[in-house]
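For the record, in the sequence shown the residue sitting at position 296 is 296 according to the UniProt record's numbering, with numbers rising by one throughout.
Reviewing the structure listed below.
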Amino acid sequence: MQDSTWYVIAMIVYLLAMAAIGYWSYKQTDQYDDYVLGGRGLHPFVAALSAGASDMSGWLLMGLPGALFLSGMSELWMAIGLLVGCWANWKWVAPRLRSYSEIAANSITVPSFFENRLHDKSRLLRIISAAIIIFFFTFYVSSGMVSGGRYFESTFGGDYLTGMLVIAAVTIFYTFVGGFLAVSYTDVVQGVLMFVALMIVPIMAIVSLSDPASIFSFASNNAYGTDGIVENDNYFSMFAGVSAGVIIGNLAWGLGYFGQPHIVVRFMALRKPSDARQGRFYGVTWMGLSVIGAIFVALVGTVYFTQTGHSITDQDNFETIFLDMAQAMMHPLPAGFVLTAVLAAIMSTMSSQMLVVSTSLIEDLFLIFAKKKPSEQVLINLSRTAIVAIAVIAALLAINPSDSILGLVGFAWAGFGSAFGPIVLLSLYWKRFNSTGAIAGMLTGAVVAIGWGMSPLSDVLYEMVPGFFLALLVAVVITKLTKEPQPEVVAEFEEATKLAKLVEKDSNLNFEEAAEKVTDK
Numbered sequence: 001m002q003d004s005t006w007y008v009i010a011m012i013v014y015l016l017a018m019a020a021i022g023y024w025s026y027k028q029t030d031q032y033d034d035y036v037l038g039g040r041g042l043h044p045f046v047a048a049l050s051a052g053a054s055d056m057s058g059w060l061l062m063g064l065p066g067a068l069f070l071s072g073m074s075e076l077w078m079a080i081g082l083l084v085g086c087w088a089n090w091k092w093v094a095p096r097l098r099s100y101s102e103i104a105a106n107s108i109t110v111p112s113f114f115e116n117r118l119h120d121k122s123r124l125l126r127i128i129s130a131a132i133i134i135f136f137f138t139f140y141v142s143s144g145m146v147s148g149g150r151y152f153e154s155t156f157g158g159d160y161l162t163g164m165l166v167i168a169a170v171t172i173f174y175t176f177v178g179g180f181l182a183v184s185y186t187d188v189v190q191g192v193l194m195f196v197a198l199m200i201v202p203i204m205a206i207v208s209l210s211d212p213a214s215i216f217s218f219a220s221n222n223a224y225g226t227d228g229i230v231e232n233d234n235y236f237s238m239f240a241g242v243s244a245g246v247i248i249g250n251l252a253w254g255l256g257y258f259g260q261p262h263i264v265v266r267f268m269a270l271r272k273p274s275d276a277r278q279g280r281f282y283g284v285t286w287m288g289l290s291v292i293g294a295i296f297v298a299l300v301g302t303v304y305f306t307q308t309g310h311s312i313t314d315q316d317n318f319e320t321i322f323l324d325m326a327q328a329m330m331h332p333l334p335a336g337f338v339l340t341a342v343l344a345a346i347m348s349t350m351s352s353q354m355l356v357v358s359t360s361l362i363e364d365l366f367l368i369f370a371k372k373k374p375s376e377q378v379l380i381n382l383s384r385t386a387i388v389a390i391a392v393i394a395a396l397l398a399i400n401p402s403d404s405i406l407g408l409v410g411f412a413w414a415g416f417g418s419a420f421g422p423i424v425l426l427s428l429y430w431k432r433f434n435s436t437g438a439i440a441g442m443l444t445g446a447v448v449a450i451g452w453g454m455s456p457l458s459d460v461l462y463e464m465v466p467g468f469f470l471a472l473l474v475a476v477v478i479t480k481l482t483k484e485p486q487p488e489v490v491a492e493f494e495e496a497t498k499l500a501k502l503v504e505k506d507s508n509l510n511f512e513e514a515a516e517k518v519t520d521k
């Protein structure tokens, strides 16, 4: 049997498993809140791996190992920034947002939380937030479909369009039928698959080497790789040849966590605020160990490919070393499941983004203009229709992929981080914050991130840095220059703060009862 046949079998098994989870989630979902937010009953382990899998995507399996293999440990600054950002997000945003989103009119989306928290009567804040989400994520979903098509093309030698449509169809199916629960639980499977693959592949490669210890010195003393990359004396240095601007910019990736809608919505779905502590442990541990696995893929690769003579498919960015190593060492069936880990990374991100976009379309735009709120089932069906609509638009954009579409992904993280990050933090921790400041800060962050990212300045400093801090500055200044929030807004803030502190002191406290006592006074 040909290797490609085994790969196809592994992919079919995986896709059927994803569809089965989608059907199971469908049977658990009969309310609109269940479809959008899982009924706020997400276990911290599920929330943590779901957030991690939808966040990391193919960067963890391909981008990071390739960059480390080619350039050395100086590429680690981004991973460090992301790890710190993940920890900080779970520490400072997760518990407070879980408390506040329920007190703020039981908000179930990021835009609705902004509006309800700041009591914005103009509806502009919610509309602008939804528009930013829909714009960025539509192109982001399209890029995921492109990645799926390219994956199918390179792994199986198949047709790009066929692969794109198959992968998109399965992702749409389980997101469509199962909603938030389907996305979250499939993400857990995908996260576990990514983690196991990143543990097994470098360990197998190390065992196969005659001198495993050489991985810590080989690249700095020898040409390596199948095309003979010249030795790099500074391979193991994190500072040599890297400017301060690059280090700051890469560390700044961590700031983006505070504003990613598909990540912070997991915090809103937790069973109770105290679950954030467990979620932080699971999430940071998963990410930390996965990053270590990616580092060892690169380190082992410098020796493995040189000594064995196995070829590296991608001779430009070397982003296929993980896949090439797995194919060279394993039987085609387990290798197929390792290859499927990349597909899992693509699909987990794409499904999360489709659900967030559809929710914003219905919850944050449609319901604003609807004369009366439809029934629960109608709302669920509308959300499902929105998923299909977004998927169709994204697929049309992905049929003939262009650099302009794929280029947006590079600063989408910065766009969300700059537009939403400061607003999330100020909403949760500043009593004086008002809707005028939020709107001004949000627009500043989005415009600066996009403008800077499309200019030559992005080569000097990552657009997250100016975007985030200018948005923060403008939000604070405009808030100070405009009128203070109404007394009821301040009272609600104090209730949410008190509730968060109560839950933090006693993790066994009944959250629902505590929330009722705080709001009833």
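C-beta atoms are modelled at their ideal positions from N, C-alpha and C, and glycine is treated no differently.
No experiment lies behind these values; they were computed from the predicted model shown.
Listed in chain order, the non-local C-beta contacts of residue 176 below 6 Å within the same chain comprise 384 and 387, local neighbours out to five positions each way being set aside. For residue 203, the enclosing alpha helix (DSSP H) has its first and last residue at 160-208. As DSSP reads the structure, residue 263 sits in no beta bridge.
Take residue 184, set aside five residues on each side of it, and the residues of its chain with a beta-carbon closer than 8 Å to its own are 38, 42, 46, 47, 50, 266 and 269, in chain order.
Taken through DSSP and simplified to helix, strand or coil, residue 270 comes out as strand. Note on geometry: alpha-carbon atoms of residue 199 and residue 73 lie some 19 Å from one another.
Taking the Cα positions, residue 216 is about 16 Å away from residue 230. In the three-state scheme derived from DSSP, where H, G and I count as helix and E and B as strand, residue 368 is classed as helix.
A Cβ-Cβ distance of about 27 Å is found for the pair residue 17 and residue 284, leaving them out of contact under the 8 Å criterion. Excluding its 5 nearest sequence neighbours in each direction, residue 373 has C-beta neighbours in its own chain below 7 Å: 367, listed in chain order. For residue 361, the three-state secondary structure derived from DSSP is helix. One alpha carbon belongs to residue 340, the other to residue 68, and they sit about 22 Å apart.
In this structure, the beta-carbon distance from residue 297 to residue 214 does not fall below 8 Å.
By DSSP's assignment, residue 229 forms a beta bridge with 224. Excluding its 5 nearest sequence neighbours in each direction, residue 317 has C-beta neighbours in its own chain below 6 Å: 66, listed in chain order. One Cα belongs to residue 80, the other to residue 290, and the distance between them is close to 12 Å.
Annotated three-state conformation of residue 42 is strand, per DSSP.
Between residue 44 and residue 260, the C-beta spacing is not below 8 Å.
Collapsing the DSSP output to three states places residue 79 in a helix. The Cβ neighbour count for residue 331, taken over all protein chains shown within 10 Å, is under 16; the residue is labelled exposed. Rounded to the nearest angstrom, the gap between the Cα atoms of residue 256 and residue 447 is 15 Å.
With respect to residue 94, residue 276 sits close: the two C-beta atoms are nearer than 8 Å. Remark: three or more beta-carbon pairs, one from each stretch, lie closer than 8 Å, so the segment 103-123 and the segment 423-434 are flagged as touching. Here residue 280 really is in contact with residue 91; their C-beta atoms are around 6 Å apart, less than 8 Å. Excluding sequence positions up to five before and after residue 224, its CB lies within less than 6 Å of the CB of 302 and 306, all in the same chain and listed in chain order. Contact annotation: residue 489 and residue 440 have beta-carbon atoms that are not nearer than 8 Å.
Counting only residues of its own chain and dropping the five nearest sequence neighbours on each side, residue 86 has a CB closer than 7 Å to the CB of 257, 283, 284 and 287. Comparing alpha-carbon positions, the option among 382, 393, 510 and 451 lying closest to residue 179 turns out to be 382. Its chain contains 286, 289, 290 and 293 as the residues whose beta carbon lies nearer than 8 Å to that of residue 195, once the 5 sequence neighbours on both sides are disregarded; these appear in chain order.
C-alpha of residue 361 to C-alpha of residue 479: approximately 28 Å in a straight line. In this structure, the straight-line span from the alpha carbon of residue 31 to that of residue 122 is close to 29 Å.
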